[in-house]
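2 protein chains.
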Amino acid sequence: MKDSLLSHFRKTISLGREKEEYVLSKFNLSKIKKRDFLLESNTTCQYLSYVRKGCLRIYNIDDYLLESNVYFAVDDWWAVDLKSYIECSPARFNIQALTDCEILAIHKLNFNQLLNDVPELERWFRILLQNALIASENRINYKMSFTAEQRYLEFIKKYPTLESQISQKHVASYLGITAEYLSKIKAKRSKRKS
Amino acid sequence: MKDSLLSHFRKTISLGREKEEYVLSKFNLSKIKKRDFLLESNTTCQYLSYVRKGCLRIYNIDDYLLESNVYFAVDDWWAVDLKSYIECSPARFNIQALTDCEILAIHKLNFNQLLNDVPELERWFRILLQNALIASENRINYKMSFTAEQRYLEFIKKYPTLESQISQKHVASYLGITAEYLSKIKAKRSKRKS
DNA sequence: CGTCTATTTGAATGTACTCAAAAGCGGTGG
DNA sequence: CCACCGCTTTTGAGTACATTCAAATAGACG
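Just so you know, the protein sequences line up as chains L and C, in that order.
No gaps in the numbering here: position 130 of the first sequence is 129 in numbering that gives the first Met the number 0, and each next residue is one more.
No gaps in the numbering here: position 8 of the second sequence is 7 in numbering that gives the first Met the number 0, and each next residue is one more.
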């Protein structure tokens with residue numbers, strides 16, 4: 000059940016059987032249904048959530064109540080509002096399941112204890128943050144340098160199975176365009192092909 | 000000379016006099032001139048560089064040789080291509096001084112040794128990454144939700160002294176617009192005021 | 001002083017948005 | 001199992017935001 004989480008850790012650190020058991024014991028499995036919320040803005044984000052299965056969107060609501068998807072957490076990723084989690088501040092983001100999901104979550108307090116008991120995890124967490132930062136910087140470049148159509152193609156390449164699972168308006172929101180315009184991009188593309 | 004770096008560390012961790020000395024001893028001061036490069040793409044980023052004074056731009060060059068500024072490193076920030084630094088991969092970014100700068104740099108090998116000798120630094124580094132990630136996620140939201148003019152106003156608010164020090168084309172590139180369009184935004188604004 | 005780069009301005013163009021209407025689709029209850 | 005409701009997607013016309021290209025002007029620097 001927690002195999003996928005285990006192999007996730009093994010990608011960056013090696014703990015040995017005993018510590019592995021201990022770390023995994025602090026995570027709890029929960030299943031959440033499509034459209035349910037893992038986090039709502041203005042509450043505090045208290046859990047680190049590993050996505051074992053399914054897809055969630057982490058999204059922002061701006062001053063005019065418009066939503067924009069910051070990122071998707073799919074199999075083997077993490078869903079968290081980092082700022083809120085770290086600073087105990089009200090969450091900026093909402094986290095919502097786009098499909099039925101299986102989550103392995105750990106409460107902040109337990110995670111902090113783990114960081115004390117198993118210092119190797121500091122390294123793992125640092126690397127997680129590094130990768131997230133690198134991905135985020137890439138995202139800025141894409142948005143800056145590419146047109147909506149180019150970004151859409153990159154999206155398909157990066158998440159080849161995701162498009163069929165979620166609605167297009169969420170893809171559009173991730174790409175930073177309106178649902179209508181994404182529809183037009185796709186229409187134009189399928190016309191070109193034929 | 001290294002006072003500013005010391006107070007930078009003290010913001011997030013407390014080390015005690017002795018360890019502080021030790022950590023600081025690993026950093027070397029260097030002065031670099033306006034327009035000089037701290038890093039050129041396709042070389043490897045081997046240093047963590049603390050900006051004691053001045054301003055640098057970290058920028059990307061896309062497939063069509065167009066530059067876009069990813070971020071500015073100003074007083075009390077860090078300049079690094081994280082991906083290259085961590086993975087020893089060819090740098091995606093260039094780092095160039097926009098003003099004369101004073102840099103406190105530490106080589107990767109020395110930094111790794113510090114992380115071993117002074118484990119408190121893991122925490123500091125993790126927090127640095129956290130903050131960078133939070134800033135980067137914010138940046139995505141701005142680019143998604145706001146017009147160029149709104150982003151320009153946010154830029155002025157966030158870096159009140161920067162605009163007078165660097166050329167507008169660099170500001171435009173950071174905002175993700177052309178230099179011409181930024182010029183038009185400013186013209187429109189000063190017309191409105193009068 | 002001359003050269004090189006940065007900035008301004010204008011006209012034409014392209015990219016993406018808004019609004020509205022129609023069609024499609026999925027889930028729910030009778 | 002069908003009918004209906006609400007939400008998503010498509011399509012079109014009109015518009016706004018931002019770019020391109022070109023030419024003129026202004027600044028920076030040796």
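For glycine and all other residues, C-beta sits at the position ideal for the given N, C-alpha and C.
From a predicted model like this one, the values you see are computed outputs, not experimental measurements.
| Asked | Found |
| --- | --- |
| Just grab the DSSP bridge partners of His106 (chain L) for me. | L:Tyr46 |
| Take Gln194 (chain C) as the anchor and find which of C:Pro159, C:Lys157 and C:Glu179 has the nearest alpha-carbon. | Since the displayed chain C opens at 0 and closes at 193, residue 194 (chain C) lies outside it and no answer follows. |
| Check the Cβ of Lys142 (chain L) against every Cβ in chain C and list those closer than 8 Å, keeping chain order. | Ile139, Lys142, Met143 and Gly175 |
| Taking Cβ-Cβ distances below 8 Å as the criterion, which residues of the region 48–80 of chain L are in contact with chain C? | Asn59, Asp61, Leu65, Ser67 and Val69 |
| Check the Cβ of Arg125 (chain C) against every Cβ in chain L and list those closer than 8 Å, keeping chain order. | Glu121, Phe124, Arg125 and Leu128 |
| With 16 as the cutoff for other CB atoms within 10 Å, does Gln95 (chain C) come out buried or exposed? | buried |
| Does the CB of Lys107 (chain L) have a neighbour CB from chain C at under 7 Å? | no |
| Using a C-beta to C-beta distance shorter than 7 Å, which residues of chain L count as neighbours of Ser135 (chain C)? | Leu132, Ser135, Glu136 and Ile139 |
| Considering just the uninterrupted stretch of the alpha helix (DSSP H) at Ile176 (chain L), what are its terminal residues? | Taken as a continuous stretch (DSSP letters only), Ile176 (chain L) belongs to no alpha helix (DSSP H), as it is neither H nor E. |
| Mind listing the chain C neighbours of Ile85 (chain L)? Cutoff is C-beta to C-beta under 7 Å, in chain order. | Gln129 |
| Is the region 54–69 of chain L in contact with the region 17–25 of chain L, if contact means three or more CB pairs nearer than 8 Å? | no |
| Helix, strand or coil, according to DSSP, for Gln95 (chain C) in the structure here? | strand |
| Inspect the beta-carbon positions of Arg138 (chain L) and Ile139 (chain C) and report whether they are closer than 7 Å. | yes |
| Please report whether the beta-carbon of Lys82 (chain C) lies at a distance below 7 Å from any beta-carbon of chain L. | yes |
| Between the Cα of Glu148 (chain C) and the Cα atoms of C:Ile133, C:Lys157, C:Ile176 and C:Glu121, which residue gives the shortest distance? | C:Ile176 |
| Go ahead and pull the three-state DSSP assignment for Ser3 (chain L). | helix |
| With Ala131 (chain C) as the anchor, note down where its alpha helix (DSSP H) starts and where it stops. | Glu119 to Ser144 |
| CB of Leu38 (chain L) to nearest heavy atom of the ligand NAP: below 6 Å? | This structure lacks the ligand NAP, and indeed carries no ligand of any kind. |
| State whether the region 141–158 of chain C contacts the region 88–105 of chain L, with contact taken as three or more CB pairs (one from each stretch) at a distance under 8 Å. | no |
| What three-state label does DSSP hand Val73 (chain C) in the structure shown? | strand |
| Which class does Ser182 (chain L) belong to by DSSP, given the choice of helix, strand or coil? | helix |
| May I ask you to list the residues that DSSP assigns as paired with Ile54 (chain C)? | Correcting the residue type first, residue 54 (chain C) is Cys in the shown sequence and not Ile. In the DSSP output, where bridge partners are listed per residue, Cys54 (chain C) has C:Val73. |
| Using only alpha-carbon positions, find the residue among C:Gln164, C:Leu127 and C:Pro159 that is nearest to Lys10 (chain C). | C:Leu127 |
| Can you grab the Cα-Cα spacing for the pair Ser48 (chain L) / Phe110 (chain C), in whole Å? | 31 Å |
| The alpha helix (DSSP H) that contains Phe154 (chain L), what's its start and end? | Ala147 to Lys157 |
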